[in-house]
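Residue numbers (our numbering), protein chains in the order written: chain A, 1 to 459; chain B, 460 to 883.
The structure is reproduced here in structure tokens:
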């Protein structure tokens with residue numbers, strides 16, 4: 001969790017194991033200590049008071065140190081022939097990390113179903129919301145770089161499940177015609193008509209797609225299968241809005257309509273493409289907060305049981321100027337990219353990049369903890385959440401390296417997990433943390449080639 | 460056949476020019492089915508690939524090229540990219556005038572956002588500047604590589620929002636709504652819907668309507684009271700049609716028996732239009748095709764020639780080359796915009812301009828970085844000997860820019876070899 005050549009990984013790893021509340025958070029984790037709404041202000045251990053250059057930050061991160069645990073010392077094997085290993089850095093880590101299966105090549109294709117799909121199937125109700133906090137592919141150019149979810153298809157193969165980049169489209173799809181807060185979801189004629197209109201449109205589109213499907217060859221049918229699944233999902237969402245079809249859900253309340261989506265600001269040019277001011281950042285702060293608001297509301301309203309958020313792509317070339325003030329893309333910063341902050345070191349640059357997902361994890365936890373579903377019980381008590389990274393910071397290719405599978409770390413929170421601690425699990429596979437999360441919410445702790453939870457993570 | 464011509468060198472490419480599109484018979488009309496439609500392969504876009512090579516041949520000084528060299532698709536799913544050589548699941552037939560061939564691809568291909576939005580502009584020209592946009596597709600060399608195009612829930616959520624907004628905008632636009640509601644003032648909802656379906660199915664679904672669908676649309680019209688009224692019913696009909704897979708995809712099923720199926724008239728027209736214009740056929744083209752037999756090669760040739768005169772053909776050609784050469788994703792500001800325009804101008808000249816001096820494209824100076832500052836003194840690329848990562852794709856740009864500059868001076872002199880940079 002540092003840049004290439006940096007011999008320390010202490011910027012993410014707390015100095016000692018034990019309670020987080022009793023220790024100074026390392027730089028990467030500072031946002032967990034709380035960010036005032038709109039300010040992005042926190043205490044920098046070396047520079048003193050520090051305001052992150054967040055232009056559109058509208059969220060509020062409470063102090064979540066007691067609600068989150070930091071897990072460090074994880075290890076994703078790199079070597080071939082080793083079970084659950086990645087074949088290479090970047091894309092090659094995706095399969096073992098998200099599906100617990102060994103990667104076969106340097107692509108980000110998973111060789112088993114991912115944890116979200118496994119949870120979705122075992123819950124057997126609701127749908128998984130998959131959100132991509134990055135408007136476009138900022139230079140990677142690789143197929144499936146933005147895919148974090150893989151599902152078995154009818155023929156036994158695996159197919160990617162795409163993620164949504166438009167908060168507005170997701171919001172509309174879930175909540176149009178929806179009145180939260182009571183037994184009746186549709187309570188007036190305008191909303192009733194809106195729901196009927198949505199249903200009528202799908203009533204026409206679905207049979208048409210099915211008729212087309214019957215005329216296709218097998219290869220084309222596979223291609224249309226995801227389309228048919230998608231229409232069916234949209235239809236089931238509409239059906240959930242039937243006046244008597246949805247039970248009242250305490251705590252079900254919409255935060256706000258996200259409004260227009262942030263405009264797409266173009267890409268960065270990829271590896272070596274150089275830094276382009278204004279490119280590669282499409283107000284991802286707004287997108288992230290909107291997705292988290294929607295995700296929280298959907299779970300509170302029983303419209304979704306699982307959700308995944310992906311902050312940037314594999315080998316991200318996200319423009320880091322907005323989230324960190326560093327004029328470079330995330331990937332180059334990992335290689336020791338620009339250091340423009342006074343007195344800063346390259347190592348601090350990587351830690352500042354961590355702030356981007358870490359603060360949104362804190363924001364999500366704060367949101368979930370803010371929804372009361374029963375006296376003394378919040379939505380956070382019903383869910384389990386984790387934040388994982390593509391790589392750690394250990395020996396790789398002959399030196400301490402930001403692409404290493406050693407010294408990986410993650411954050412966990414929620415129901416059944418040990419909270420408020422720094423837990424060091426030296427050598428544990430990171431996907432085992434995911435398996436433990438499945439176990440914590442009462443599901444089978446089996447993920448690809450990995451079985452069983454790690455009791456050190458569970459309450 | 461074409462590939463061998465291309466591989467043989469520029470002089471022969473010169474002979475191709477605009478007649479490529481007709482002589483290569485790019486819209487072959489028959490699809491031979493193999494093993495229950497599994498391995499149909501389409502092979503109709505070679506013309507643009509040849510144009511690509513023509514435009515860039517100067518980069519290496521030679522034209523490389525077996526078919527597989529210029530194939531950039533994903534196993535046949537790329538409808539713009541060249542497709543040649545043996546591909547998984549099929550072989551490639553000749554490009555002559557014979558009708559039956561195996562074609563790469565499949566009978567169902569999702570439109571990339573570029574084609575999707577261009578098609579919406581064709582159907583709703585009044586909303587060109589205000590209509591909603593789709594999120595960008597996943598990036599690949601070519602935007603229509605099917606493996607990168609989402610077809611599932613996220614895409615449908617975006618489509619639902621976009622189409623719903625588009626229908627609202629259409630209702631608010633009297634000109635559009637007059638085209639939607641063509642039934643008499645005292646027409647019943649079902650009469651209006653029947654008429655709407657009949658008139659709009661060819662426009663949006665790119666095929667004639669059918670009885671089963673028509674009845675389903677009329678059945679929805681019977682809920683007019685609950686939905687609100689005739690306009691509400693028609694709005695549902697319009698949105699539903701815009702959300703059918705036939706709109707989002709190019710569907711080519713053909714007709715006929717056994718293993719050989721013939722593409723229908725509307726499928727052929729769609730091929731021509733997407734191939735040459737990058738969008739669905741508009742009303743004028745469909746009207747022009749009425750009564751014509753597009754299965755006839757000479758008729759197709761005549762159609763193609765007329766379509767090539769349309770500005771949309773230039774746009775499509777530039778789009779394709781921008782993707783192939785990698786400048787489609789380049790930020791368009793400052794000097795980069797100049798370079799973009801410069802590159803596009805060269806593509807236009809090579810493909811569309813009469814008497815373009817092709818020998819310019821054989822020049823070996825295209826890797827000449829110092830040429831770029833001649834285009835603009837503000838351009839600051841490092842030398843070719845610098846690490847390539849500092850300038851990932853300058854060669855393509857420098858080649859077209861240099862060629863363009865050279866063309867402007869109307870010189871035929873090869874640049875001094877002393878100016879050439881060392882090879883990368």
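Note that CB positions come from ideal geometry on N, CA and C, so glycine has one too.
- Contact between the segment 686 to 696 of chain B and the segment 215 to 232 of chain A is not established, with fewer than three Cβ pairs separated by less than 8 angstroms.
- Only 604, 605, 606, 607, 609, 610, 611, 612, 613, 614, 615, 616, 617, 618, 619, 620, 621, 622, 623 from the segment 604 to 626 of chain B bring a Cβ to less than 9 angstroms from some Cβ of chain A.
- In this structure, DSSP gives residue 353(A) a helical state, which the three-state scheme calls helix.
- With respect to the 8 angstroms criterion, residue 595(B) and residue 621(B) are not classified as neighbours on the basis of their beta carbons.
- Secondary-structure assignment with DSSP links residue 424(A) through a beta bridge to 72(A).
- In this structure, residue 361(A) keeps its C-beta atom at 8 angstroms or more from the C-beta atom of residue 430(A).
- Of the residues assessed, residue 289(A) falls on the buried side of the cut-off, its CB having 16 or more other CB atoms within 10 angstroms.
- Between residue 278(A) and residue 4(A), the gap from beta carbon to beta carbon reaches 8 angstroms or more.
- Proximity to residue 299(A) across 120(A), 12(A), 104(A) peaks at 120(A), based on C-alpha coordinates.
- Ranked by how close their Cα comes to the Cα of residue 751(B), the residues 733(B), 770(B), 725(B) have 725(B) in first place.
- Counting along the chain, the unbroken beta strand (DSSP E) around residue 708(B) starts and ends at 708 to 710.
- Look at residue 720(B) here: in three-state DSSP terms it is strand.
- Between the alpha carbons of residue 153(A) and residue 714(B) lies a distance of about 30 angstroms.
- Judged by pairs of C-beta atoms under 8 angstroms, the segment 406 to 421 of chain A touches the segment 66 to 73 of chain A, as three or more such pairs exist.
- Secondary structure of residue 714(B) (DSSP, three-state): strand.
- The DSSP assignment places 612 to 630, 633 to 639 as complete runs of the alpha helix (DSSP H) inside the segment 586 to 639 of chain B, in order along the chain (cut-off: 4 residues).
- Listed in chain order, the non-local C-beta contacts of residue 363(A) below 7 angstroms within the same chain comprise 59, 61, 289, 292, local neighbours out to five positions each way being set aside.
- Look at the segment 391 to 451 of chain A and you find these whole runs of beta strand (DSSP E), each 3 residues long or longer: 394 to 396, 399 to 401, 408 to 414, 421 to 424.
- Note that the C-beta distance between residue 417(A) and residue 458(A) is below 8 angstroms.
- If only complete runs of 4 or more residues are kept, the segment 87 to 175 of chain A shows the alpha helix (DSSP H) at 94 to 99, 115 to 123, 167 to 175, in order along the chain.
- Identification of chain B residues near residue 403(A) by a Cβ-Cβ cut-off of 9 angstroms yields none; the smallest Cβ-Cβ distance measures about 16 angstroms.
- Contact with chain B is absent for residue 308(A), since none of that chain's Cβ atoms lies less than 8 angstroms from the residue's Cβ.
- The three-state reading of DSSP puts residue 19(A) in strand, counting E and B together.
- Within chain A, the residues placing a beta-carbon under 9 angstroms from that of residue 699(B) are 200, 201, 202, 203, 204, 205, 208, ordered along the chain.
- The contact set of residue 89(A) on chain B, defined by CB atoms closer than 9 angstroms, is empty, because the minimum CB distance reaches about 17 angstroms.
- Annotation: residue 365(A) to residue 588(B) spans about 41 angstroms, alpha carbon to alpha carbon.
- Among the residues facing chain A, residue 660(B) is not included, as its CB has no counterpart in that chain under 8 angstroms away.
- The continuous beta strand (DSSP E) containing residue 304(A) extends over residues 304 to 311.
- For residue 301(A), the closest C-alpha among the options 136(A), 322(A), 373(A), 231(A) is that of 373(A).
- About 4 angstroms separates the Cβ atoms of residue 220(A) and residue 567(B), confirming a contact at the 8 angstroms cut-off.
- Note that the C-beta distance between residue 618(B) and residue 709(B) is not below 8 angstroms.
- Residue 608(B) is positioned such that its CB atom lies no closer than 8 angstroms to that of residue 573(B).
- Following the DSSP letters along the chain, one finds residue 583(B) in no alpha helix (DSSP H), marked with neither H nor E.
- Residue 150(A) and residue 92(A) have their C-alpha atoms spaced approximately 15 angstroms apart.
- Shown here, residue 327(A) sits in coil according to DSSP, grouped into three states, outside any helix or strand.
- Per DSSP, the unbroken alpha helix (DSSP H) holding residue 288(A) starts and ends at 284 to 300.
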